[in-house]
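Trainee: Chains as they are written, first to last, in my numbering: chain A, 362 to 554; chain B, 362 to 554.
All C-beta atoms in this analysis are idealised placements derived from N, C-alpha and C, irrespective of residue type, glycine included.
For reference, the structure I am asking about is given below.
2 protein chains.
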Amino acid sequence: MPFGRPRGERADAARNREHLLAVAREMLAELGAEKVTMDGLAERAGLGKGTVFRRFGTRAGIFAALMDDTERAFQVRVLSGPPPLGPGAGPVERLVAYGRERVDFLFEHHAILRAALDRTRPIPAETSMSALHIRMLLGQAGLDVADLDTLATQLTAALEGPLLLYVAMTEESPADERLADSWQVLVERVCRP
Amino acid sequence: MPFGRPRGERADAARNREHLLAVAREMLAELGAEKVTMDGLAERAGLGKGTVFRRFGTRAGIFAALMDDTERAFQVRVLSGPPPLGPGAGPVERLVAYGRERVDFLFEHHAILRAALDRTRPIPAETSMSALHIRMLLGQAGLDVADLDTLATQLTAALEGPLLLYVAMTEESPADERLADSWQVLVERVCRP
DNA sequence: AGCATAAACGGACTTTACCCCGCTTAGTAT
DNA sequence: ATACTAAGCGGGGTAAAGTCCGTTTATGCT
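Spelled out as structure tokens, the structure:
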């Protein structure tokens, strides 16, 4: 009995998940996130709608699943890549590097990431890898601050909020550089002794 | 010819708007934001569905309209109330006071504010009164920072993002105090010379 | 191989936001 | 008053998310 998954995803189910993700990626490239509907996806994949929902739970779930690999790859670079993004540099330096990379990342995938936001319930801040990582680096920076958890949440919002919530995505605007530079200012000022 | 509105809202339309807002407030108190539907609202108000959409454009629009007065009142306190929230105190002191009040405000009205988020398009950061106010106070603080606009956007996200996006609203959690305290830490550190 | 069963499937059904457009009416000009 | 017209109104229609449940099938056991 092989353990491909932690007990219980049937082979056909796994196959269908992959197929659905592939079709979703196609439709995304072809039509844009707005136009990817559950019915459309199901039909184009040659599967029932119920199946799509069973696999992904919600429309947002599809986009979240679509980001899964990409997000994991990013995480690997952060956790074990070369410094200053990965370990080996000072915490503040790593925070700056993280913000810079993260802004690029958010920018590059903003369409999917926006679509992956479940508008009905909040993102658990604990689940956010950004929040956790920022929290850790803040800890290492040795700040004299009582509530690092909340500060980390706020910095996460400062980093990701603009792209998820506020800034309209116009092509030529250099918003990404400005956000990255401004993040550096923010972090360096917060972490000054 | 009286100028109740800047040209062109018919009397019956104005009456209906008020009535709809009143009914919406009722339903909100009675059923919660989730259960306020456009059909339900229209029916309970004794009006057609088309009318509701004509008046508010979108479901989110209703909640935005519901917050309009409240938001305006808040704005008045900020622009011309007693210090440190209003003018008369130093910019950093005002930033801290603003954040504290704003967190309370967001907390108090989180149900409506979340419902007022239009899930389909971003909030224009320029329209956000928070962003503008924070931008102004940052300017007065005389920081040696090149891009105050972007910094203001990020601080706005740090202030409002957690409540709009991340933090789950559990009753007894003292999240509001923690956010307010943490905001103070953030602002004072950012503004240190 | 045959069986039992939990998992997966499909698609009709429900709900809700939002659109459309022919009809009605407030406001105004004569 | 009357007539004109733009704004407003109503409610049926559409599209898309999400639910339900009867049917099918993969999988481990004997």
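So what does DSSP say about residue 452(B), is it helix, strand or coil?
Mentor: helix
Trainee: Of the choices 404(B), 398(B), 416(B), 394(B), whose alpha-carbon is the least far from that of residue 376(B)?
Mentor: 416(B)
Trainee: Find the residues of chain A that neighbour residue 508(B), judging by a C-beta separation of less than 7 Å, and give them in chain order.
Mentor: Taking a Cβ-Cβ cut-off of 7 Å, the neighbours of residue 508(B) in chain A comprise 539, 542, 543, given in sequence order.
Trainee: Give the DSSP-derived three-state secondary structure of residue 411(A) in the structure shown.
Mentor: helix
Trainee: If the cut is a Cβ gap below 9 Å, which residues of chain B does residue 453(A) touch?
Mentor: The contacting residues do not exist; residue 453(A) stays about 13 Å from chain B at best.
Trainee: Buried or exposed: which applies to residue 548(B), given that a residue is buried once 16 or more other Cβ atoms fall within 10 Å of its Cβ?
Mentor: buried
Trainee: So, for residue 432(A): in the same chain, excluding its five sequence neighbours on each side, which residues have a beta-carbon less than 8 Å away from its beta-carbon?
Mentor: Counting only Cβ-Cβ distances below 8 Å, and skipping sequence neighbours, we find 490.
Trainee: Please list, in chain order, all residues of the same chain as residue 402(A) whose beta carbon is under 7 Å from its beta carbon, the five residues on each side excluded.
Mentor: 381, 384, 385, 388, 413
Trainee: Using the C-alpha atoms, what's the distance from residue 454(B) back to residue 391(A)?
Mentor: 51 Å
Trainee: Along chain A, in chain order, which residues have C-beta atoms closer than 8 Å to that of residue 515(B)?
Mentor: 519, 520, 522, 523, 540, 543, 544, 547
Trainee: Can you check whether the CB of residue 541(A) is closer than 8 Å to the CB of residue 464(A)?
Mentor: yes
Trainee: Going by beta carbon distance, what residues of the same chain come within less than 6 Å of residue 498(A), once the five residues before and after it are set aside?
Mentor: The answer, listed in chain order, is 452, 455, 456.
Trainee: So, helix, strand or coil for residue 446(A), using DSSP?
Mentor: coil
Trainee: Would you decide whether residue 543(A) is buried or exposed? Buried here means 16 or more other CB atoms lie within 10 Å of its CB.
Mentor: buried
Trainee: Which residues of chain A have a Cβ atom closer than 7 Å to the Cβ of residue 480(B), listed in chain order?
Mentor: 480
Trainee: Report buried or exposed for residue 501(B), applying the criterion of at least 16 other Cβ atoms within 10 angstroms of its Cβ.
Mentor: exposed
Trainee: Is it the case that the Cβ atoms of residue 518(A) and residue 518(B) are separated by a distance below 8 Å?
Mentor: In contact: residue 518(A) and residue 518(B) (Cβ atoms closer than 8 Å).
Trainee: Check the Cβ-Cβ distances between residue 364(A) and every residue of chain B, and say whether any is below 8 Å.
Mentor: Model confidence at residue 364(A) stands at a pLDDT of 47, short of 50, so the residue's coordinates are unreliable; what they give is reported in the following sentence. No, because no Cβ of chain B sits closer than 8 Å to the Cβ of residue 364(A).
Trainee: Alpha helix (DSSP H) containing residue 473(B): first to last residue?
Mentor: 471 to 477
Trainee: Let me know the secondary structure DSSP gives residue 375(B) once reduced to three states.
Mentor: helix
Trainee: Could you check whether the Cβ of residue 499(B) sits closer than 8 Å to any Cβ belonging to chain A?
Mentor: no
Trainee: Quick one, which of 520(A), 393(A), 495(A), 553(A) has its alpha-carbon nearest residue 510(A)'s?
Mentor: 495(A)
Trainee: Would you mind working out which of 370(A), 372(A), 524(A) sits nearest residue 468(A), comparing C-alpha positions?
Mentor: 524(A)
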